[in-house]
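Under this note's numbering, think of the first position of the sequence shown as 1083, with each following residue one higher.
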Amino acid sequence: MLRGGDYNLMLYVMAESNREIGLVSARLRRNAMLLKYPAEWYTTPFYEHYGFMPLRDEFIDTLKDKIIDRSSARSYRATKEKKKQIIQREFAILRELNSNGSADLMDVDRKYGFDTGRAQYAYYKLVESGILKRITISLQDLPIRYVAAIFIKITDMELYYGTRDSLLMDIVDRSDTPVNKYALAGDIATPFGVLMLMPVFGERDLDDTIQMLSEAKGMTIKSAIITTTLVGGLCFRRLTVHTLSRQNSCIVSSA
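Following this line, the structure appears as structure tokens:
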């Protein structure tokens, strides 16, 4: 739920295709709670992002329909459909690490009745294939006043690309706060521009950030305050190097 800016509600949705996201959007518009409100709906892809949005366990559970049995495991590796299928131990690793990134892989073997070492083997195969990127931390109980959504609309491509270095440097620059300056930042297509989610600690932080971002030309900036997170949550972390640490995780996956 947002206050200020152009939008009242923002949803982050994972979908396999444009058709699927179209169906999701249609179902939401027909929802009994939303149907009575006059509303304009906009859908846009979110891509080339910096930061991370945690996956809910409910998302991992939707992969149950993709599980194939062990007798088919060898043949599925060579099929065109292999990216849409997983074997039981791969599902188990994704499910358990999404809930607890510090889970002991031997405990996963015991819980699911795998031979010793199978979970560890599946973990490294998922890393090797790029499905599982790494495990990262998510800090809790931070003195955050609120999270701001910053919408950047590009109106002049030539001016923007000639001056956008200041925006890119601001995204990756070290922060004086306990976490990265932005929980999530990435490109959007409608309107063409950038969306960033920023945890705000100090009273002037948002105004100072918008002033700094304004050094890039050819764009307009609007912001809104996230008042309520209805479902899911954000991942607040401080990372300066890639790591394979498996402590207090959010799972980072390309799925």
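Don't be surprised by glycine CBs; every beta carbon is placed ideally from N, CA and C. This structure is a prediction, so every number in the text was calculated from the model and none was measured.
Sheet register partners of residue i (DSSP bridge)
| i | result |
| --- | --- |
| P1281 | V1229 |
| Y1129 | D1269 |
| G1275 | K1235 and I1270 |
| A1306 | A1231 |
| I1103 | Answer is none; I1103 lacks a bridge partner. |
| I1150 | I1169 |
Proximal residues to residue i (C-beta, below 8 Å), its chain only, five neighbours per side dropped
| i | result |
| --- | --- |
| V1261 | L1221, L1224, P1281, F1318, R1319 and R1320 |
| D1197 | D1191 |
| G1087 | A1231, F1233, K1304, S1305 and A1306 |
| L1117 | R1111 |
| Q1149 | Per the sequence shown, the amino acid found at residue 1149 is Ile instead of Gln. Closer than 8 Å at the Cβ level, and outside the excluded window around I1149, lie Q1167, I1168, I1169, Q1170 and F1173. |
DSSP state of residue i mapped onto helix, strand, coil
| i | result |
| --- | --- |
| M1301 | strand |
| T1144 | helix |
| K1118 | coil |
| K1193 | helix |
| R1246 | coil |
| A1097 | coil |
| R1085 | strand |
| I1169 | strand |
| K1207 | helix |
| I1213 | coil |
| T1291 | helix |
Cutoff 7 Å; reference residue i; Cβ partners in own chain excluding five residues on either side
| i | result |
| --- | --- |
| F1283 | P1225, I1226, R1227 and T1259 |
| R1085 | A1306, I1307 and T1309 |
| F1141 | M1096 |
| L1279 | V1229, A1231, Y1264, A1265, L1266 and L1316 |
Neighbourhood of residue i by C-beta, 6 Å cutoff - its chain only, sequence neighbours within 5 removed
| i | result |
| --- | --- |
| T1245 | A1298 and K1299 |
| L1316 | A1265 |
Item to check | Given 8 Å, three or more beta-carbon pairs between the segment 1206-1218 and the segment 1289-1308 | outcome: no
Checklist entry - Counting pairs of Cβ atoms below 8 Å between the segment 1236-1250 and the segment 1095-1113, do you hit three or more? => result no
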